[in-house]
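Q: This is the structure I want to talk about, given as structure tokens.
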Amino acid sequence: MSDAPVVHVVDDDESARESLAFLLESADFEVMTYASAPAFLEALPTAKPGVIITDVRMPEMSGQDLVARLAALKVKMPIVMITGHGDIPMAVEAMRSGVVDFLEKPFSESRMLDTLQRAFKSTEAAPVSTDDAAVIKRIESLSERERQVLDGVVAGHANKVIARELGISPRTVEIYRAKLMTKMQADNLAALVRMTLSVRGG
732 MSDAPVVHVV
742 DDDESARESL
752 AFLLESADFE
762 VMTYASAPAF
772 LEALPTAKPG
782 VIITDVRMPE
792 MSGQDLVARL
802 AALKVKMPIV
812 MITGHGDIPM
822 AVEAMRSGVV
832 DFLEKPFSES
842 RMLDTLQRAF
852 KSTEAAPVST
862 DDAAVIKRIE
872 SLSERERQVL
882 DGVVAGHANK
892 VIARELGISP
902 RTVEIYRAKL
912 MTKMQADNLA
922 ALVRMTLSVR
932 GG
């Protein structure tokens with residue numbers, strides 16, 4: 732087990748923390764759990780390199796604050812964020828600061844494991860930008876309205892905020908969002924944000 736990939740789980744919700752640890756241990760990861768961001772920072776000097784999974788909303792220090800602190804400390808471990816539905820703007824902001832991915836709750840086991848595989852791969856090699864041209868082409872294929880909705884999503888705005896700015900209903904925003912995700916070939920919001928930021932820059 733000592734050669735197993737290490738995952739550091741930072742979440743103040745004990746049941747969520749334990750169930751995630753159980754899932755990851757079943758998938759042959761070595762798991763270290765922490766009840767708060769300060770607890771993780773305290774353990775950091777002796778922590779094994781690996782991937783960090785952190786919840787966004789935590790009482791003492793939020794996931795966002797933890798990401799900022801780790802960046803200031805020049806910690807190179809990839810970070811995956813877990814977020815509730817209302818935390819999407821925060822999660823988008825976190826992706827701008829270099830978070831590998833964010834998962835909306837509830838997420839499937841396979842989605843979590845896929846994300847972790849990608850996070851571990853990101854430590855091995857920088858992603859190549861061979862498909863940037865394809866992403867640009869997809870953005871160019873969007874209608875003007877789809878592009879406006881995309882801009883709102885990447886800016887971290889909730890559907891109702893985008894709807895208000897564009898003078899349309901939140902339901903219409905959802906329809907545009909579904910269409911543009913299909914055109915962009917993004918299977919989730921994180922993928923959409925990541926590919927758009929990759930060609931536009933943070």
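Following our numbering, the numbering of the sequence shown begins with 732 at its first residue and continues without gaps. Ideal placement from N, C-alpha and C gives every residue a C-beta, glycine not left out. Every value quoted in this text rests on a predicted model; they were computed, and no experiment measured them.
1) Does the separation of the CB atoms of Leu911 and Arg827 fall below 8 angstroms?
2) Is it a yes or a no for the segment 873-885 touching the segment 899-910, going by three-plus beta-carbon pairs under 8 angstroms?
3) Please report the straight-line C-alpha distance between Ala857 and Ala747, rounded to a whole angstrom.
4) CB-CB under 7 angstroms to Val866, same chain, minus the five flanking residues each way: which ones, in chain order?
5) Can you tell me whether Phe771 is helix, strand or coil according to DSSP?
6) Among residues of its own chain, excluding the 5 on either side of Lys852, which ones have a beta-carbon nearer than 7 angstroms to its beta-carbon?
7) If contact is defined by three or more beta carbon pairs under 8 angstroms, each pair taking one atom from either stretch, is the segment 772-788 in contact with the segment 801-812?
8) Please state the DSSP three-state secondary structure of Leu804.
9) Run through DSSP, which three-state label would Glu835 get?
10) Please state if the CB of Val737 and the CB of Glu756 are separated by a distance shorter than 8 angstroms.
11) What does DSSP give as the partner residue(s) for Glu840 in the beta ladder?
A: Answer, in terms of the structure:
1) no
2) yes
3) Annotation note: pLDDT 44 at Ala857 (below 50); position unreliable, coordinate value reported separately. So the alpha carbons of these two residues sit roughly 31 angstroms apart.
4) The residues are Met926, Ser929 and Val930.
5) helix
6) none
7) yes
8) coil
9) strand
10) no
11) Partner(s): none; Glu840 has no beta bridge.
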